[in-house]
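Student: This is the structure, below, for whatever I ask next.
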Amino acid sequence: MTVRTRFAPSPTGYLHIGGVRTALFNWLFSRRHGGQFLLRVDDTDQQRNVEAALAPILHGFRWLGLDWDEGPEAGGPYGPYYQSQRGELYQAAVNQLLAQGAAYRDYATAAELQSEREAAQAAGRQFTYSRRWMAETPREAERFEAQGRQGVVRLKMPRDGELALDDLIRGEVRFAWASEQDHVIQRADGSCLYHLASVVDDEAMKITHVIRAEEHLPNTPRQVFIAQSLGYAVPAYAHLPYVAEPGSKTKLSKRKLDKYLKNRDFTALVDRGGRIAARLGLETTADTFNPVIVDFYEQIGFLPDALLNYLLLLGWSFDGEREEFSRPEMVQHFSLERVNRAPASFDPQKLLAFQDRAMQRLPLAEKAARCLALLQRAGLAGEPPGEEAQRLLADVLAAAGDRVKLAGDILDYEEFFVDDQSFPYDAAAVAKRISGPAAARDLLRRYAAELAGIEPFTAAALETHLKEFVERRGVKLGDIVHALRVAVTGKAVGFGLFDALAILGRSRCERRIGRALAL
RNA sequence: GGCCCCGUCGUCUAGCGGCCUAGGACACCGGCCUUUCACGCCGGUAACACGGGUUCGAUUCCCGUCGGGGUCACCA
8 MTVRTRFAPS PTGYLHIGGV RTALFNWLFS RRHGGQFLLR VDDTDQQRNV
58 EAALAPILHG FRWLGLDWDE GPEAGGPYGP YYQSQRGELY QAAVNQLLAQ
108 GAAYRDYATA AELQSEREAA QAAGRQFTYS RRWMAETPRE AERFEAQGRQ
158 GVVRLKMPRD GELALDDLIR GEVRFAWASE QDHVIQRADG SCLYHLASVV
208 DDEAMKITHV IRAEEHLPNT PRQVFIAQSL GYAVPAYAHL PYVAEPGSKT
258 KLSKRKLDKY LKNRDFTALV DRGGRIAARL GLETTADTFN PVIVDFYEQI
308 GFLPDALLNY LLLLGWSFDG EREEFSRPEM VQHFSLERVN RAPASFDPQK
358 LLAFQDRAMQ RLPLAEKAAR CLALLQRAGL AGEPPGEEAQ RLLADVLAAA
408 GDRVKLAGDI LDYEEFFVDD QSFPYDAAAV AKRISGPAAA RDLLRRYAAE
458 LAGIEPFTAA ALETHLKEFV ERRGVKLGDI VHALRVAVTG KAVGFGLFDA
508 LAILGRSRCE RRIGRALAL
């Protein structure tokens, strides 16, 4: 039997980080077993603009490199892959359920149901529908309809016995059938609901393993009931613990950004992204720019592999020691047996650590390609970039080394990519390193005068020269290094000063020092 | 509240009866390196929720308590 897993997003307009982890585990499991991974759109509630709401989700999958064998755009032998287009299949299933007595037409009104519920609650009993408005024959149905009632189709759940479910992650889980409700599977207008559709599609699409978030665990009995009633082979279930809020065990939610911002690590991540977004002129509303949404990471220059590696470790472990996995290694080692049962809270710091290490391993050329895209978005490089810009980028990247942790961090070095007259000077840095120290301006002036004689104009030669310069003048290296850095970059921090000087070149250095002197 | 799930350092986790004076990673705190920042290196603080069993021996097995969470729709 070929392993087939699926991820069934509802077209909501964004890809939730927890959803990505669920998708990743599905993808990994299918790849591990040489099977297929499919995407199916759960749009049973018929939103108007499914395509538009689906686009960001597919975009996210593509960015992450989680390819799907069947689904939207990919097609496949079991399509269509949109539930809104599979109505006949659901109708047939409903008819079969009805014919077998596993479902019934029900004519209760919302108010009637409500009063039964309240009565049960008042009596301290668990609510179980009386089935008073159940129509088991066409004649009964006609009678109710004559009263102007609208019929829905409900599942006729067993009222005794129990279901022992063998979950691949949780082991055996038992549910008493009596505590299940007669859920509606088809509305009065004929449209079908998620649970029915999901079970019918999983069967039709030959899904062998349903790997999904824990919140679906309580839904499982009714799905098993539908599957069994229809004579389907029940798929294997694996319920993943959900991704929790930072520092809490509550499910991570897109809507609670304000709350998460009280968490220091989360705030650090948002601020980090915000700085980059500001330079890119991106909108930063919680709807689009939010670490709970995958787009956030793409926009500020995360590496997909780093995000995935982090997410992999959120609930799964190899041996407790090893944490770094390349894409093929993930596929090779993944197993459901090593998925943890407890929810795991999202830790922005650790994510950043994975990103940091992944970036350090990245060959310079690839790093440059990723940074270039951000530079272009910020308008600091042309499309295509000139040869000069590419050389500059490579030099800056080589000099910056580990400091560029996100592709967007390249924007911290924007001063190298702009005109000598345009880059800004940090006022505090100027005050501390140039205006403050009495000798700073004089040293800068004397140094600038010697620039013309430094040959070759390389980092090594510049260093030798500056050391000799400070010795000659009887000052310490620190007396001029800081002033010089501020003079040529506008900032108090940055990579090696000699690299900066060499990258800029002689004439740009002269111009910049001249500008700083006039400040 | 009913049903279900879960419970090892702040966080992610290893541990499937003795190897545990509980290991790794991130974070944190010190120190080193150093022209700033970052990296790197060295060291440190820090956890088995609690109570009963079972056993020669429990972090590991069982029960209970407590705690946390999920779910209870004509949403998905």
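Going by this note's numbering, the final residue of the first sequence carries number 526, and the count climbs one at a time with no gaps. Virtual Cβ for every residue (Gly too), placed ideally from N, Cα, C.
1) Decide yes or no for the touch test of the segment 44-53 against the segment 336-349: beta carbon pairs closer than 8 Å, at least 3 of them.
2) If you draw a straight line from the alpha carbon of residue 69 to that of residue 75, how long is it in whole angstroms?
3) Sort 203, 398 and 515 by Cα distance to residue 235 and report the nearest one.
4) With a threshold of 6 Å on Cβ separation, who are the neighbours of residue 95 within its own chain once the five nearest residues in sequence on each side are excluded?
5) Are residue 4 and residue 499 close, meaning C-beta to C-beta below 8 Å?
6) Return the chain-ordered list of same chain residues with a C-beta closer than 6 Å to the C-beta of residue 42, the five sequence neighbours on each side being excluded.
7) Residue 461 and residue 469 look like a contact to me (Cβ under 8 Å); what is the Cβ gap, rounded to whole Å?
8) Pull up the CB-CB distance for residue 191 and residue 200, whole angstroms please, since I reckon it's below 8 Å.
9) State the DSSP-derived secondary structure class of residue 425, mapped to helix, strand or coil.
10) Measure the C-alpha to C-alpha separation of residue 503 and residue 407 and round it to an integer number of angstroms.
11) Checking 8 Å against the spacing of the C-beta atoms, do residue 280 and residue 303 come in under that value?
12) Under 8 Å: do the segment 415-426 and the segment 463-477 share three or more Cβ pairs, one atom per stretch?
13) Based on Cα-Cα distance, which residue from 521, 104 and 97 lies nearest to residue 238?
14) I'd like to know if the segment 102-118 and the segment 55-62 are in contact, where contact means that at least 3 CB-CB pairs between them fall below 8 Å.
15) For the segment 511-521 against the segment 488-496, are there 3 or more C-beta pairs whose distance is under 8 Å?
16) Name the DSSP bridge partner or partners of residue 246?
17) What is the DSSP secondary structure of residue 366, reduced to helix, strand or coil?
18) DSSP three-state label for residue 268, please.
19) Taking the beta carbon of residue 362 as the centre, do at least 16 other beta carbons fall within 10 Å, making it buried, or is it exposed?
20) Excluding sequence positions up to five away, which residues of its chain have a Cβ less than 6 Å from the Cβ of residue 13?
21) Cβ atoms of residue 430 and residue 218: under 8 Å apart, would you say?
22) Determine, using beta-carbon pairs with one atom in the segment 373-390 and one in the segment 351-360, whether at least three such pairs fall under 8 Å.
23) Give me whichever residues DSSP pairs with residue 181 in a beta bridge.
24) Do the CB positions of residue 400 and residue 379 come within less than 8 Å of each other?
25) Give the DSSP-derived three-state secondary structure of residue 117 in the structure shown.
26) Classify residue 136 as helix, strand or coil using the three-state DSSP reduction.
27) Less than 8 Å between the beta carbons of residue 63 and residue 89, yes or no?
28) Under the rule that 16 or more other beta-carbon atoms within 10 Å means buried, what is residue 294, buried or exposed?
29) Taking C-beta to C-beta, are residue 386 and residue 455 nearer than 8 Å?
30) Determine the direct distance from the alpha carbon of residue 121 to that of residue 39, and round the result to whole angstroms.
Tutor: On the basis of the coordinates in this document:
1) Here the segment 44-53 does not lie against the segment 336-349, with fewer than 3 beta-carbon pairs under 8 Å apart.
2) Your numbering for residue 69 matches position 62 in the first sequence. Your numbering for residue 75 matches position 68 in the first sequence. Distance between the alpha carbons of residue 69 and residue 75: 9 Å.
3) Taking the first residue of the first sequence as position 1, residue 235 is located at position 228. When only C-alpha atoms are compared, the closest one is 203.
4) Position 88 of the first sequence, counted from the first residue, corresponds to residue 95. Residues of the same chain with their beta carbon placed closer than 6 Å to that of residue 95 are lacking, with the five preceding and five following residues left out of the count.
5) With the chain covering 8 to 526 only, the question about residue 4 has no answer from this structure.
6) Here residue 42 is taken as the residue at index 35 of the first sequence, counted from 1. Once the five neighbours on either side are set aside, the close Cβ partners of residue 42 are 9, 10 and 11.
7) By 1-based counting over the first sequence, the position of residue 461 is 454. By 1-based counting over the first sequence, the position of residue 469 is 462. That pair is a contact at about 6 Å.
8) Along the first sequence, one-based indexing puts residue 191 at 184. Along the first sequence, one-based indexing puts residue 200 at 193. Their Cβ separation, rounded to whole angstroms, is 6 Å, which keeps residue 191 and residue 200 in contact under 8 Å.
9) On the first sequence, residue 425 is found 418 positions in, with the first residue counted as 1. DSSP places residue 425 in coil when its eight states are reduced to three.
10) What you label residue 503 is simply residue 496 of the first sequence in a count that begins at 1. What you label residue 407 is simply residue 400 of the first sequence in a count that begins at 1. Those two C-alpha atoms are separated by around 8 Å.
11) Position 273 of the first sequence holds residue 280. Position 296 of the first sequence holds residue 303. Taking 8 Å as the Cβ cut-off, residue 280 and residue 303 qualify as a contacting pair.
12) no
13) Your numbering for residue 238 matches position 231 in the first sequence. Taking only the C-alpha atoms, the option nearest residue 238 is 104.
14) no
15) yes
16) Working through the first sequence from its first residue, we reach residue 246 at position 239. According to DSSP, residue 246 bridges with 219.
17) Within the first sequence, numbered from 1, the residue matching residue 366 stands at position 359. Helix, per DSSP.
18) For this step, residue 268 is matched to residue 261 along the first sequence. Of the three classes helix, strand and coil, the one that applies to residue 268 here is coil, per DSSP.
19) What you label residue 362 is simply residue 355 of the first sequence in a count that begins at 1. Answer is buried; the Cβ neighbour count reaches 16.
20) Numbered from its first residue, the first sequence carries residue 13 at position 6. 45, 47 and 214, listed in sequence order.
21) The residue given as residue 218 occupies position 211 in the first sequence. The residue given as residue 430 occupies position 423 in the first sequence. The answer is no: Cβ separation not under 8 Å.
22) no
23) Mapped onto the first sequence, residue 181 falls at position 174. According to DSSP, which records beta bridges pairwise, residue 181 is partnered with 171.
24) In the first sequence, residue 400 corresponds to position 393, counting from 1. In the first sequence, residue 379 corresponds to position 372, counting from 1. The answer is yes: Cβ separation under 8 Å.
25) Counting from 1 along the first sequence, the entry for residue 117 is found at position 110. Correct three-state label for residue 117: helix.
26) Numbered from 1 along the first sequence, position 129 holds the residue referred to as residue 136. Coil, per DSSP.
27) For the purposes of this step, residue 63 is taken as the residue at position 56 of the first sequence. For the purposes of this step, residue 89 is taken as the residue at position 82 of the first sequence. No. Outside cutoff.
28) Position 287 of the first sequence, counted from the start, is the residue given in the question as residue 294. With fewer than 16 other Cβ atoms within 10 Å, it is exposed.
29) Here the question's residue 386 lines up with position 379 in the first sequence. Here the question's residue 455 lines up with position 448 in the first sequence. Not closer than 8 Å, so no.
30) Translated into the one-based positions of the first sequence, residue 39 becomes position 32. Translated into the one-based positions of the first sequence, residue 121 becomes position 114. Rounded to whole angstroms, the separation of the alpha carbons of residue 121 and residue 39 is 48 Å.
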